[in-house]
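Per our numbering: the sequence shown = residues 13 to 251.
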Amino acid sequence: LSNRKMANLLMFFTVLSGIDTSYKTVERVYSDPAVRMTIHNMYAIMVKKKGITDVDLSGDGTGYSLTITKHYRNVSKEKGVKEGKKTEKGRKLFAYSFAFMDLDTGMYVGYGTSLKSEKEAYKRAILMARSMGISANSIRLDKYYSNRTILKDFPDAKIYIIPKKNATIRGPKEWKEILVRFIEDIFSYLSEYYQRNNSESGFSADKRMCGWKVWQKKEERIDTCLLCKGIWHNMMRIG
């Protein structure tokens, strides 16, 4: 929501608290480090409340438009979009989020954001998951992450990816094992891999609930806005 729309919604709370809130107050809150820290802690509290530790994960990234002229869904397959290279008159078109979803609860147990690229959001999501003590039993990611570097990110997890056309068996033993599982029992492998669709459905639901555009302008405010979208997702599923 824009600052003005959010301020208008807070009028309902003004009746109860007697505290009047302007859109400028809302704007400053997005930049407050204490608020950002509180949001991070909310992720940890909700994950702890659900008792989530050892999990089967799916992961996916998406973009949120910073301008009304471009919708991420329409250009996400274009070259350079995920890498943050798409600009319009020197201005960034998208902000990126990456979420690791616990397949059992549907909650995000790692959430990262970035104005630079989806890959940077992915790395931040890993850091959040680790900081909350999340241990992955298995992980499912799309072709964008189908390379040997994923072994460093999830050394103890069973990895489900679709190998790229130019994939080779060169590399460590763990990489060869992924390719062997893919070839020898492809139907079971794909049934596991396509649970990744839960992540795509999660982002789709988030955008229907919170919108596909980010109305904030400053980098830290954009970051706060995206983190809040993940919080709303978890709140709807905490039960």
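Cβ atoms here follow ideal geometry from the backbone N, Cα and C, with glycine treated the same way.
Here the structure is a predicted model, which means the values were calculated and not measured.
Through-space distance from residue j to residue i, alpha-carbon basis
i    : j    : result
K219 : A148 : 26 Å
M221 : L78  : 17 Å
D44  : S213 : 31 Å
N209 : V121 : 16 Å
K104 : I234 : 12 Å
R48  : F110 : 17 Å
E196 : G223 : 42 Å
V41  : M58  : 22 Å
G183 : W244 : 41 Å
A46  : E39  : 14 Å
I198 : I162 : 20 Å
R142 : H52  : 13 Å
E130 : F215 : 14 Å
K60  : M54  : 10 Å
G73  : M140 : 15 Å
I80  : F106 : 11 Å
T50  : L69  : 25 Å
C240 : M247 : 10 Å
Residues near residue i by beta carbon distance below 7 Å, same chain, minus five either side
i    : result
I170 : In the sequence on display, residue 170 carries Lys and not Ile. Excluding sequence neighbours, K170 sits near N149 and S150.
I181 : K188 and L191
R193 : Y201
I174 : K155, S158 and Y205
E186 : L163
K36  : none
Chain-order list of residues whose beta-carbon lies under 6 Å from that of residue i (same chain, five-residue window excluded)
i    : result
S126 : Y108, E132 and A133
C237 : V226 and Q228
E204 : Y172
Boundaries (first-last residue) of the beta strand (DSSP E) holding residue i
i    : result
S6   : Residue 6 falls outside the range modelled here, since the chain spans only 13 to 251, and no answer is possible.
S150 : S147 to R152
G73  : D66 to S77
Whole-number beta carbon distance between residue j and residue i, since they are thought to touch under 8 Å
i    : j    : result
K62  : M119 : 6 Å
D116 : I138 : Not really, about 19 Å apart at Cβ, beyond 8 Å.
R136 : G145 : Wrong, their Cβ atoms sit about 17 Å apart, outside the cutoff.
Q207 : R152 : 6 Å
G75  : S211 : Wrong, their Cβ atoms sit about 14 Å apart, outside the cutoff.
Beta-bridge partners of residue i, as assigned by DSSP
i    : result
S126 : Y108
D114 : L69
I171 : I151
K225 : S77
Y156 : DSSP output for Y156 lists no bridge partner at all.
Y120 : M113
Same chain only: Cβ atoms within 8 Å of residue i, ignoring 5 sequence neighbours per side
i    : result
K176 : K155, S158 and N159
E231 : L127
G242 : Y55, S109, A111, Y120, Y123 and D218
V67  : D114, L115, D116, V121, I146, S147, A148 and N149
Terminal residues of the alpha helix (DSSP H) in which residue i lies
i    : result
Y42  : Counting along the chain, Y42 falls outside any alpha helix (DSSP H), and DSSP gives it neither H nor E.
S203 : I198 to Y205
N246 : E231 to M247
I250 : Segment: none, I250 is in no alpha helix (DSSP H) and carries neither H nor E.
I162 : I162 to D165
Residue i beta carbon near the ligand FAD (any heavy atom closer than 7 Å)
i    : result
S143 : Ligands are entirely absent from the displayed structure, and the ligand FAD is therefore not among its contents.
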